[in-house]
Amino acid sequence: MPAQIKEQSEKIWLNLVLWQKATLLGIVFLAFVGIIALLAFNLTRPSMEPLYTNLDPADASSIIAKLKEQKVSYELADEGRTILVAADEKYQLRLDMAGQVNLTGIVGFESFNETRFGETDTDKRVRFLVALQGELTRTIEEMDEVESAKVHIALPAPSLFIGDSIEPTASVLLRLKPYAQIKPEQVKSVMAFVSNSVEGLKVGNVTIMDVNGNLLSDGLDDSAAGTMSKASMSQLALKQQYETDLARSVQSMLERMLGAGKVVVRTSIDMDFDQIETHSEKYGDSVLVNEQSKEESSTGNSSSTGGNPADENMGQTSYGSSGTTGVSSYQLIENIKNYEISKVTETKIVAPGKVTKLSVSVLIDGELNREAEERLNGAVSKAAGLDSARGDQVSIVAMPFNSEQTKKMEEEMVRAEKSMRTREYVKYGLIGLAVILLLGAMIFVFKGLQNTVKRSAAYVPPFEQAAATSQVDIMNTLSPELLEKKSLRTQVDKIVESNPEEAAKVIKSWLAEEQV
C-alpha cells in the first residue's frame, strides 16, 4: 500500500508543470512556517492571569478603556466579566486602576469633596447616609472571608419629643467567598463596628444575614438571652472539640495496628458545666496565750457605836449600849486566762467542664477473636482514660465495611486520570505526527524537485537526437584518413576555443611561411 501511494504521488508530481510545482512547494513552505510560528507563539506567549473577576459591565468597560489608553494587551473571559492580563503586569495594573477607576461602584465620603449648589438639608442628609453606607460596606469587604457586602441604615428623623423618637436600625448582607465560613465572634465584631459607626444605633438593632438567607446575628446581642445562648454555644463547641480530639487520638492509634480506613471511632462525653464555689472553716484545739493572777488580803480591829440614832440627832440622852469592839479580815483572789482557738478557712472553686461520663464506640473492618477483642478493649480504655467508677463504657464491634462507594470513587478517579493521560498522549502524538508528516512532505517535494532538475538537465530534444544519430552514421562511413583529419580538426577547434590568442599567432606564422 505505501509503495502504491508513493508511485501515484510520483506520477501526479511528474504530470505537474513547473509553475504548479512551484505553487505547491510555496504552500507547503508557508504551512511549515505557520506551524513553527504558532508553536513559537504558544511557547513565548506570556501567561495570562485574571486582573479582575465578576465585574459589572460598566466596570469592565471602564477598565478596558484604561487598558487601551495604556496600550496594554488583555483578554476577556467568563462572558466579559473577567479580564486577563500578563502575569508580570497584573499587580502594577491593579494599583494603577485603583486610583483611576471606581471598580466597586460604592460611593463614600469622597462625594462631599464637591460642592453642590442649591442642595437642601434633606439632600445633604440623604447624601451623608449613602456615603456612610458606602464606607461601612468598603470596610466590611476588607475581611478575608467576605467577597462582597451591602449595608442598609434606617436613620429616623430626630423628633422634638423623646416619647416619639425611634431608634435607628441597620441591616448587613454578606456574600462569603467560596468555602469560607465566618465565626460568631466575627459576626459580633461586625455588629459592634456598625453600631459604633452610627449615632444612637444599638448592637441589638443590627441584623446580619448572608445571601443564602441565614440569619448570622441571631442570639449574638449583649442581652441576657444572647449571653445565655452564647454560653450554650461555647459549651457545645467545647464538648464537640473534646469528642473530636479524643476520637482522632484513639483512631490514629488503632489505624497504626489495623491499617488506614479500617477503623471508625466515635465518642460521647457528658460534661458538667456548673461552677461550684465552696467555703469551709475548721477550728482546732485551744491554745493558752497569757494568764493573769491577782490576790488581796487584810486583817484588823473594828468597833461599832450603839444607841438610838434618833436620840443622837435630837440632842437627847441616848439609851442603850455605847458600842462593841471585834477583829475583821479580808481576802480576794483573781485568776484570768486568755486562750486562742486555731481557725482554718478554705475556699474552693470547681471550674466548669468536668467530664462526668465517657462512652467510646469502635467499629473495625473484618473479624476479631475473643482474645484480640479483649486486647483492643484494654488499649482503648487506657488511651481514652475510661473510669469504670463513673460509669464509662467502651464498645468494640467487628464487621465488614461496605466499600462499594469507595471502590466506585477509586474507579472513577482511575478512569478520569487515565482519560486525562490519554488526551495528553493524543495531543502530543498528533502534534508529533503533524510535524513528521510535514517534514516528510517537504523532503518528498524537494526530492521530486531535485529529480526533475536532473531529468531536465539530461533531456535532449528529438531533432538534436536525430542530428547526433546522423553524425554517428556519417562517421562510420568515413575512411581512416578522413577520420584522422576530422580528429585533428576537432582538436584544433578545441585549441582555438580554449586559447584563441595562441591560435592566432600560429596561423600568422603559417601565413608568413607560405609567403616566403
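If you're matching positions, the sequence shown starts at 8 in my numbering and goes up one per residue. Glycine included, every Cβ here is placed at the ideal spot set by N, Cα and C.
By the neighbour-count criterion, in which a residue is buried when 16 or more other Cβ atoms sit within 10 angstroms of its Cβ, S516 is exposed. Under DSSP, the beta-bridge partners assigned to N345 are N297.
The region 54 to 67 makes no contact with the region 28 to 42; the number of CB pairs closer than 8 Å stays below 3. By the neighbour-count criterion, in which 16 or more other beta carbons inside 10 Å mark a residue as buried, V499 falls on the exposed side. Listed as beta-bridge partners of A156 by DSSP are L181.
With fewer than three CB-CB distances shorter than 8 Å, the region 334 to 341 does not count as touching the region 365 to 385. Residue pairing by DSSP puts K289 in a beta bridge opposite V351.
The shortest C-alpha to C-alpha distance from V201 to any of I348, D277, K157 is the one to K157. For L222, no beta strand (DSSP E) encloses it, and the DSSP letter there is neither H nor E. With contacts defined by Cβ atoms closer than 9 Å, L253 and T274 form a contacting pair. Here the alpha carbons of V92 and E86 stand approximately 16 Å from one another. Within the same chain, Cβ atoms closer than 6 Å to the Cβ of K361 are found at D279, the five residues on either side in sequence being excluded.
Counted as a single uninterrupted DSSP element, the beta strand (DSSP E) harbouring V271 occupies residues 270 to 279.
Counting C-beta pairs with one atom in each stretch, the region 383 to 390 and the region 249 to 264 have three or more that are closer than 8 Å, which means they touch. Using a Cβ distance threshold of 9 Å, T352 and R397 do not count as a contacting pair. In the same chain as S349, and ignoring 5 residues on each side of it, the C-beta atoms closer than 6 Å to its own belong to G291, in chain order. M416 is classed as exposed because its beta carbon has fewer than 16 other beta carbons within 10 Å across all chains shown. Residue environment analysis places Y59 among the buried positions, since at least 16 neighbouring C-beta atoms fall within 10 angstroms of its C-beta. For the alpha helix (DSSP H) assignment, the region 69 to 104 encloses no uninterrupted run of at least 4 residues. With contacts defined by Cβ atoms closer than 9 Å, I90 and Y81 form a contacting pair. Going by beta carbons, V270 and D372 fall inside the 9 Å limit. Contact between P175 and P165 does not hold, since their C-beta atoms are separated by about 11 Å, which reaches or exceeds 8 Å. Under the three-pair Cβ rule at 8 Å, the region 195 to 210 does not count as touching the region 240 to 255. Under the three-state reduction of DSSP output, K190 falls in the coil class, being neither helix nor strand.
L183 and V153 do touch by the CB rule: their CB atoms are close to 6 Å apart, below 8 Å. By the criterion of a C-beta distance shorter than 7 Å, D281 is surrounded in its chain by P359, once the five residues flanking it on both sides are discounted. Taking L74 as the centre and dropping the five residues before and after it, the same chain places the C-beta of Y81 closer than 6 Å to its C-beta, in chain order. Cβ neighbours of I443 within its own chain (closer than 8 Å, five residues either side excluded): none. R496 has its alpha-carbon roughly 17 Å from the corresponding atom of K512. DSSP, reduced to helix, strand and coil, places L21 within a helical segment of the structure shown. In this structure Y249 is not in contact with I283, their Cβ atoms being roughly 20 Å apart against a cut-off of 8 Å.
Burial check for G141: the Cβ neighbour count within 10 Å reaches 16 or more, so the residue is buried. Assigned with DSSP and collapsed to three states, I340 falls in strand. DSSP places I147 inside the alpha helix (DSSP H), whose first and last residues are 128 to 147. Beta-bridge analysis with DSSP links M406 to D372. The DSSP-derived three-state label of A164 is coil.
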